[in-house]
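Enquirer: Numbering (our numbering), first residue to last: 35 to 313.
Beta carbons are placed, not taken as given, at the ideal position from N, Cα and C, and that holds for glycine.
First, the structure itself, so that you have it in front of you.
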């Protein structure tokens, strides 16, 4: 019922004008949005991309519905990975999908108005419904890809932060410092353990000062992970010294019944280095 060669031909004939009409609706002053550009080449690229979208949409009126939606979904998933649009705030991209729909509907109405004798109202309404479904599908696919892209960025940033938050710093030959900062959860503790062991082995460290002055809270879990780290370091031949335990942390450790008696501790990093050198 939805297929109509005459409508397909009409849309193809006016395809570039549809794109020009769409671009007239673009009104964006946000520098984060690709649509705010004044670069003629980028503007032309946006128009060509929009035109490609309309060319695919036109096929709706000459193909079987299930065939169209299958192929359009595959094509849209590739389109959604375009980095220029993924860097643009989601609301602006969704807005342009809606603008495209508005312009497209205008041309559907014009064709129906010119061909009322040959096009039934039910058929026209089916076109409207299908175009809305297509645009909604486009929006859904884009938002889904934008969400995946955001998650990928967050994971990458978290990995970088975790790596930077547990660096083994070489102080002098075979002596290094591990400054721990902020909260330590199970996931971060695992990363600290893996990174520290790897870096100490690569640098051939014999003595490691673990500075806790930047750790705001210590509980049984954190203490357990520190003990685990020290034991693992001992297995690869690295002696550990805890330094920088703040008074409130020491008080909390006593209240929790945490036993640091079997671990070498000092108040400051300089004291730790003096003791290491003296040994």
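1) Just the C-alpha distance for residue 105 and residue 64, rounded to the nearest angstrom, thanks.
2) Check residue 175 in the structure and name its three-state DSSP category.
3) Would you grab the beta carbon distance between residue 230 and residue 212 for me? Rounded to a whole angstrom, and I think it's under 8 Å.
4) Along the alpha helix (DSSP H) that carries residue 274, what are the first and last residues, could you check?
5) Is it true that the CB of residue 137 sits closer than 8 Å to the CB of residue 50?
6) Going by the CB atoms, is the gap between residue 36 and residue 95 shorter than 8 Å?
7) Please work out which residues of its chain come closer than 7 Å, Cβ to Cβ, to residue 300, disregarding the five sequence neighbours upstream and downstream, and give them in chain order.
8) For residue 210, which of helix, strand or coil comes out of DSSP?
9) Can you tell me whether residue 247 is helix, strand or coil according to DSSP?
10) Taking the straight line between their C-alpha atoms, what separation do you get for residue 124 and residue 178?
11) Could you tell me which residues DSSP puts in a beta bridge with residue 298?
12) Would you call the CB atoms of residue 272 and residue 234 closer than 8 Å?
13) Straight-line CA distance for residue 145 to residue 52?
14) Would you report the Cα separation of residue 236 and residue 182, rounded to the nearest angstrom?
15) Mind reading off the beta-carbon distance from residue 185 to residue 161? Whole number of angstroms is fine, and I expect it under 8 Å.
16) Report the option in 312, 129, 150 whose CA atom is closest to the CA atom of residue 174.
17) Leaving out five residues on either side along the sequence, give the residues of the same chain with a beta carbon under 7 Å from the beta carbon of residue 39.
18) Could you give the residue range of the alpha helix (DSSP H) that holds residue 96?
19) Quick check on the burial criterion: 16 or more other C-beta atoms within 10 angstroms. Buried or exposed for residue 221?
20) Tell me whether residue 283 sits in a helix, a strand or coil according to DSSP, three-state version.
21) Where does residue 241 fall in DSSP's three states?
22) Quick check on residue 133: buried or exposed, where buried means 16 or more other Cβ atoms within 10 Å of its Cβ?
23) Going by beta-carbon coordinates alone, are residue 102 and residue 115 separated by less than 8 Å?
Expert: Based on what the coordinates show:
1) Going from the Cα of residue 105 to the Cα of residue 64 covers about 34 Å.
2) In this structure, residue 175 counts as helix in the three-state DSSP scheme.
3) Between residue 230 and residue 212 the beta-carbon gap is near 6 Å, inside 8 Å, which marks them as a contact.
4) Where residue 274 is concerned, there is no enclosing alpha helix (DSSP H), although the beta strand (DSSP E) it sits in stretches over 273–277.
5) Against a cut-off of 8 Å, the Cβ pair of residue 137 and residue 50 comes out as no contact.
6) For residue 95 and residue 36, yes; Cβs fall inside 8 Å.
7) These residues qualify, in order along the chain: 275, 277, 306, 309.
8) Assignment of residue 210 by DSSP, reduced to helix, strand and coil, places it in the strand class.
9) Three-state DSSP puts residue 247 in a strand.
10) C-alpha separation (whole angstroms): 11 Å.
11) DSSP, once it has assigned bridges, lists 275 as partnering residue 298.
12) If you check the CB distance, residue 272 and residue 234 come in under 8 Å.
13) Spanning the two alpha carbons is a distance of roughly 13 Å.
14) In a straight line, the C-alpha of residue 236 is about 35 Å away from that of residue 182.
15) In fact, because the Cβ distance is near 37 Å, the residues do not count as touching under 8 Å.
16) Minimum Cα-Cα distance from residue 174 among the listed residues 312, 129, 150 corresponds to 129.
17) Cβ neighbours of residue 39 beyond the five flanking positions: 96.
18) Counting along the chain, residue 96 falls outside any alpha helix (DSSP H), and DSSP gives it neither H nor E.
19) With fewer than 16 Cβ atoms within 10 Å of its Cβ, residue 221 is classed as exposed.
20) For residue 283, the three-state secondary structure derived from DSSP is helix.
21) Correct three-state label for residue 241: strand.
22) Counting the other CB atoms within 10 Å of its CB gives residue 133 a total of 16 or more, which places it among the buried residues.
23) No, Cβ-Cβ distance for residue 102 and residue 115 is not below 8 Å.
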